[in-house]
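Peer 1: Chains as they are written, first to last, in this note's numbering: chain A, 6 to 543; chain B, 6 to 543.
For glycine and all other residues, C-beta sits at the position ideal for the given N, C-alpha and C.
Quick one: the structure is below, and I'll ask about it shortly.
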């Protein structure tokens, strides 16, 4: 047998080698000029997560805009492919905790980082909320997001039901944005490489501009990363950009990034080292450094990255009260497949019911419930739905009580699930919810709702009448009223002086100067609302 | 060109593929039986670091024996290749801080872990001390270590001068132990793959039983790991076992372990996840998990490992005051090549001199001083010697003042350095120290010293007259007198109750029962010494 026999197609069949190696190997061997330091390397792009998922994962999304602006110039100049900076949790946190207008935050980012594309995470038909929206709302949201500064839209659905992604992909493209279709990675008997490759092909057919594999629970092991990326490249062609988003929780995923690079991945997501690891992501600097000596490299400037690191190292000290208790690695996730956040939620649910000692039973129940649902990926909201039902099953007897959400999931109201649902449980859900099972795209059942949403939003004190404000109300109807009413008080920074423990509602010293452009406030005076733009005197 | 053309020898030329992949690929493709879960996998062995380097790196070697015994049975049954549990810092800490006899600790380990080989780290001719010892002392130490329970001796020299390793390798083999020859990994213009491979070959000629590549500063990047392991396997044959020890500090080295595995490494060092990362090591569980789906696997039982994890997670809470301030990753090390510990030492040296603001200059000076020494690896004691000289150069002018240790290093008294020394600096050292440059093995200059050491030790109050006690005195003449005098008071546990902050000099609850065998104390009564053995009532 010749060593090369086992190779076919653009990439060889197993694990580790790819044609890039061999091509560069050949160049290296046949040319002294190229071997003397001038070897052509394949560029791996990087998306920096510092401004969104990194602080969402490590300090419960509490980072105020004033603590980010100081790093923006370096981030913009460093050479990243994109800067992720917006999404459901950042939007929610802005209006719920920080009294910060998320649209104003986005405009600030765009002003301070004009060179590098800005990226957001979008929950498909759910937008940034927790229910399906009618297509007109989806279109308006995508349009306004693009208008205010988002360039790249990463669009996913918790169930991987691509029908829940379609209308946002269309809306993003109509708005001139880059639509990145996403596969939510999970592990189950039915989630084979072939299944993910097929999903990629269907996303490609939908007209996405690039593809992302999103591993929110750090379950993607190195060999699987290699196989899936290679499989997608083989099936979709090398021109379809493949991005990879992994968390670091289990400790193995920097290795998965390496194998994905060897398999042909175009871009990986990392977070600045001072805001990385634990339930967060792999450190940007480590990713860059680990490629030395290989046929791969990045465009990212380590000197600038180092300044970003120092910035967030200092900033994070002020947010210690929000810091994730999970540090180090959690490899038990591989067994339970339950993301860390879900685990702590369930523990507190059980304790509230005086059943803190029944966690082991719940951990055994979850995979069974998940199987009954047709192996949904465990990510918001499916993780909460499956977890809560498992708790109820343990406390009350299996499926004696069903939550409304679980019934909806079983009856198709969240979309199609990846596998076969347990028909007995579907029947129970039907009896419980007095609803029939549906098979269409759930949003097809929605009636036009924009005008109603608009009227309701405009009736709220402090609503400034913009489409952006209507969208805020549409997505967070519970939180928006208080936010609109208090918005004029300006952002509340939740950082605390690490030495004194004192709250710092004013921008921390050293950050004030970083806001260089105008900021617009909505000011209500004698019951009438005014738009006031404040420009720092320079 | 055929894809296979670039491959030659047992391993292919670049980076990522090896023949293993291709062979297994072929098996997988041609046999349905083997592809249905029965694929033969190559076993990668693991050395667990929990009992030595893990707590040395993370909590300044302060773990008392009572906090380790509870995990010993699981460690012994888990399927590790070896358990590292003894070395210079553990020995030092035992007698300096814990009032614990290091030999008794070793015997306890052997009693509680009879199945798995016990491993120690030995500084070659320095043994566990800070100077060269005459060969008879080396022989007696190795003999007693083997007699008391050490099976595997990992032997290294800070300068990679193999003459400093010779006599311990000989002594270990004479004592029936396994002599593992070690390469101290470093990065410099002269430290090429070829240099390390040559060193491996010379160690093999010396008769070592296995080889270790030891990367104490986490500088070993994935491609370098691949190239060196593969180079050694090609040069020394596949029967020479190659082990790899890396720290996690820079965040890239789990990837390096993966590439080393692909290159043919036989065994890697990892630490239980609850005592891993930061300046420590890669998590054992992550290493095991990351091999899933590849053609590699381990013999280690994750269920048992999980119990070990839980044990040390609980234990570590009691040692928070000693916990390393370095968490996350430090990729600046790649630039400065200065290990984290060395950096903080120098900072405090500078501050003591009222020159805390000159750190940048020192960081620039260190590589220059290191170059003048002939690119010594920066590891104890060379890191301290080079660092202190760099501080003096910045404060007093370059080489205006030389430390005695730096002069000795330049004049050959620590051994041969890897590269060319700066002759001007050698001349200065000669003038400063009034000593001539030597080129022989430094220990050749030593006269027999055992009898003198023995007399001095026996004269100390509390010395029990054993060879073990003489060795304790020989290696730590400053610390031994106090330890001998206070040994009868029994071990001092430095853990504190995390809730109350109270010191717990008595074994913590739940750990008492773990000591199941007799413990021997040396008790001095009316000036006469008695050996008292206490056996727990069972």
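1. Are residue 205 of chain B and residue 216 of chain B closer than 7 Å when you measure CB to CB?
2. Report the option in A:500, A:468 and A:459 whose CA atom is closest to the CA atom of residue 142 of chain A.
3. Where does residue 429 of chain B land, buried or exposed, given buried means 16+ other C-beta within 10 angstroms?
4. From the DSSP output, in three-state form, read off residue 448 of chain B for me.
5. Between which residues of its own chain and residue 87 of chain B is the CB-CB distance below 6 Å, once the five residues before and five after are set aside?
6. Leaving aside the five residues before and after residue 29 of chain A along the sequence, list all residues of the same chain whose C-beta is less than 6 Å from its C-beta, in chain order.
7. Quick check on the burial criterion: 16 or more other C-beta atoms within 10 angstroms. Buried or exposed for residue 447 of chain B?
8. Rounding to the nearest angstrom, what Cα-Cα distance links residue 388 of chain A and residue 347 of chain A in this structure?
9. Taking the beta strand (DSSP E) that residue 273 of chain B falls in, what are its first and last residues?
10. Check each candidate in B:462, B:369 and B:260 and name the one with the smallest Cα separation from residue 398 of chain B.
11. Identify every residue that forms a DSSP beta bridge with residue 186 of chain B.
12. Of all the CB atoms in chain B, is at least one closer than 7 Å to the CB of residue 517 of chain A?
13. So which residues on chain A does residue 315 of chain B lean against when the C-beta distance must stay under 8 Å?
14. In chain order, what residues of the same chain lie with their CB nearer than 8 Å to the CB of residue 565 of chain A, ignoring the 5 residues before and after it?
15. Ends of the alpha helix (DSSP H) at residue 546 of chain A?
16. Given a cut-off of 7 Å, decide if residue 111 of chain B and residue 153 of chain B are closer than it, judged by their beta-carbon atoms.
17. Would you call the CB atoms of residue 220 of chain B and residue 190 of chain B closer than 7 Å?
18. Ignoring anything shorter than 3 residues or poking outside the segment 52-113 of chain A, list the beta strand (DSSP E) runs there in chain order.
19. Within this structure, are the beta carbons of residue 327 of chain B and residue 277 of chain B separated by less than 7 Å?
20. Where DSSP assigns a beta bridge to residue 50 of chain B, which residues make up the other side?
21. Rounded to whole angstroms, how far is the Cβ of residue 69 of chain B from the Cβ of residue 503 of chain B, which I believe are closer than 8 Å?
22. What is the residue span of the alpha helix (DSSP H) that residue 396 of chain A lies within?
23. Between the C-alpha atoms of residue 222 of chain B and residue 342 of chain B, what's the straight-line distance to the nearest angstrom?
24. Does residue 238 of chain A pass the burial test, meaning 16 or more other C-beta atoms within 10 Å, or should it be called exposed?
25. Assuming residue 126 of chain A contacts residue 92 of chain A under a Cβ cut-off of 8 Å, what Cβ separation, rounded to an integer in Å, is found between them?
26. Flag this pair as touching only if the segment 303-313 of chain A and the segment 251-266 of chain B have three or more C-beta atom pairs under 8 Å; answer yes or no.
27. Could you give the uninterrupted runs of the alpha helix (DSSP H) lying entirely in the segment 298-331 of chain B, keeping only those of 4 residues or more?
28. List the residues of chain B that residue 226 of chain A touches, going by C-beta distances under 9 Å, in chain order.
29. Between which two residues does the beta strand (DSSP E) carrying residue 123 of chain A extend?
30. Chain B partners of residue 229 of chain A, CB-CB under 7 Å?
31. Do we get a CB-CB distance below 7 Å when we pair residue 374 of chain A with the residues of chain C?
32. Quick one: which chain B residues come within Cβ less than 7 Å of residue 260 of chain A?
33. I'd like to know whether the C-beta of residue 302 of chain B is nearer than 7 Å to at least one C-beta of chain A.
34. Could you tell me if residue 450 of chain A is buried or exposed, where buried requires 16 or more neighbouring beta carbons within 10 angstroms of its beta carbon?
35. Which residues, in order along the segment 320-336 of chain B, keep a beta-carbon less than 9 Å from a beta-carbon of chain A?
36. With C-beta atoms as the reference, is residue 262 of chain B less than 7 Å away from residue 273 of chain B?
Peer 2: According to the structure shown:
1. For the purposes of this step, residue 205 of chain B is taken as the residue at position 200 of the second chain. For the purposes of this step, residue 216 of chain B is taken as the residue at position 211 of the second chain. A contact, by the Cβ cut-off of 7 Å.
2. In the first chain, counting from the first residue as 1, residue 142 of chain A sits at position 137. Sorting A:500, A:468 and A:459 by C-alpha distance to the C-alpha of residue 142 of chain A places A:459 at the top.
3. On the second chain, residue 429 of chain B is found 424 positions in, with the first residue counted as 1. Exposed, since its Cβ has fewer than 16 Cβ neighbours within 10 Å.
4. By 1-based counting over the second chain, the position of residue 448 of chain B is 443. Here residue 448 of chain B sits in helix by DSSP.
5. Taking the second chain and counting its residues from 1, the one referred to as residue 87 of chain B is at position 82. Contacts found: 52, 122, 124 and 157.
6. In the first chain, residue 29 of chain A corresponds to position 24, counting from 1. Confidence at residue 29 of chain A is low in this model, with a pLDDT of 35, below 50, so its placement is unreliable and the value that follows should be read with caution. Contacts found: 300.
7. Within the second chain, the letter at position 442 stands for residue 447 of chain B. With 16 or more other Cβ atoms within 10 Å, it is buried.
8. Taking the first residue of the first chain as position 1, residue 388 of chain A is located at position 383. Taking the first residue of the first chain as position 1, residue 347 of chain A is located at position 342. Going from the Cα of residue 388 of chain A to the Cα of residue 347 of chain A covers about 7 Å.
9. The residue labelled residue 273 of chain B in the question sits at position 268 within the second chain. Here the beta strand (DSSP E) through residue 273 of chain B covers 272-275.
10. Along the second chain, read from residue 1 onward, the residue named residue 398 of chain B stands at position 393. Just measuring C-alpha positions, the residue of B:462, B:369 and B:260 sitting nearest residue 398 of chain B is B:369.
11. For this step, residue 186 of chain B is matched to residue 181 along the second chain. According to DSSP, residue 186 of chain B bridges with B:160 and B:216.
12. Here residue 517 of chain A refers to the residue found at position 512 of the first chain. Residue confidence for residue 517 of chain A is low, a pLDDT of 38 falling below 50, so the modelled location carries little weight; the figure read from the coordinates is stated next. Interface with chain B (7 Å Cβ-Cβ cutoff): residue 517 of chain A is excluded.
13. Indexing the second chain from 1 puts residue 315 of chain B at position 310. The contacting residues do not exist; residue 315 of chain B stays about 10 Å from chain A at best.
14. Nothing can be reported for residue 565 of chain A, as the shown portion of chain A is limited to 6 through 543.
15. The question about residue 546 of chain A has no answer here: the residues shown for chain A are numbered 6 through 543.
16. Here the question's residue 153 of chain B lines up with position 148 in the second chain. Here the question's residue 111 of chain B lines up with position 106 in the second chain. Taking a C-beta distance under 7 Å as the contact criterion, residue 153 of chain B and residue 111 of chain B qualify as a contact pair.
17. Taking the second chain and counting its residues from 1, one reaches residue 220 of chain B at position 215. Taking the second chain and counting its residues from 1, one reaches residue 190 of chain B at position 185. For residue 220 of chain B and residue 190 of chain B, yes; Cβs fall inside 7 Å.
18. Segments of the beta strand (DSSP E) lying fully in the segment 52-113 of chain A: 87-91.
19. Taking the first residue of the second chain as position 1, residue 327 of chain B is located at position 322. Taking the first residue of the second chain as position 1, residue 277 of chain B is located at position 272. Residue 327 of chain B places its beta carbon 7 Å or farther from that of residue 277 of chain B.
20. Start at 1 with the first residue of the second chain, and residue 50 of chain B comes out as number 45. Listed as beta-bridge partners of residue 50 of chain B by DSSP are B:272.
21. Walking along the second chain from the start, residue 69 of chain B turns up at place 64. Walking along the second chain from the start, residue 503 of chain B turns up at place 498. A Cβ-Cβ separation of about 15 Å leaves residue 69 of chain B out of contact with residue 503 of chain B under the 8 Å criterion.
22. Translated into positions along the first chain, residue 396 of chain A becomes position 391. Unbroken alpha helix (DSSP H) run through residue 396 of chain A: 387-401.
23. Numbered from 1 along the second chain, position 217 holds the residue referred to as residue 222 of chain B. Numbered from 1 along the second chain, position 337 holds the residue referred to as residue 342 of chain B. Each residue's CA atom was taken as its position, placing residue 222 of chain B and residue 342 of chain B some 8 Å apart.
24. Here residue 238 of chain A refers to the residue found at position 233 of the first chain. So residue 238 of chain A ends up on the buried side.
25. Working through the first chain from its first residue, we reach residue 126 of chain A at position 121. Working through the first chain from its first residue, we reach residue 92 of chain A at position 87. With a beta-carbon spacing of about 4 Å, residue 126 of chain A and residue 92 of chain A fall inside the 8 Å limit used to define contacts.
26. They do not touch, by the three-pair rule.
27. Inside the segment 298-331 of chain B, DSSP marks whole alpha helix (DSSP H) runs of 4 or more residues at positions 307-321, from first to last along the chain.
28. The sequence position of residue 226 of chain A within the first chain is 221, counting from 1. Among the residues of chain B, those whose CB is under 9 Å from the CB of residue 226 of chain A are 294, 295, 296, 297, 298 and 299, following chain order.
29. Looking up residue 123 of chain A in the first chain gives position 118. Note, residue 123 of chain A: beta strand (DSSP E), 123-127.
30. Start at 1 with the first residue of the first chain, and residue 229 of chain A comes out as number 224. Neighbours of residue 229 of chain A on chain B, chain order: 298.
31. Note that chain C does not occur in the displayed structure, where the protein chains are A and B.
32. Along the first chain, read from residue 1 onward, the residue named residue 260 of chain A stands at position 255. Neighbours of residue 260 of chain A across chain B, judged by C-beta separation under 7 Å: 259, 260, 263 and 295.
33. The residue you call residue 302 of chain B lines up with position 297 of the second chain. For residue 302 of chain B, the answer is no, since every Cβ of chain A falls outside 7 Å of its Cβ.
34. Along the first chain, one-based indexing puts residue 450 of chain A at 445. Only exposed fits residue 450 of chain A, as fewer than 16 other CB atoms lie within 10 angstroms of its CB.
35. Listed in chain order, the positions of the segment 320-336 of chain B with a beta carbon within less than 9 Å of a beta carbon of chain A are 332, 333, 334, 335 and 336.
36. The residue labelled residue 262 of chain B in the question sits at position 257 within the second chain. The residue labelled residue 273 of chain B in the question sits at position 268 within the second chain. Closer than 7 Å, so yes.
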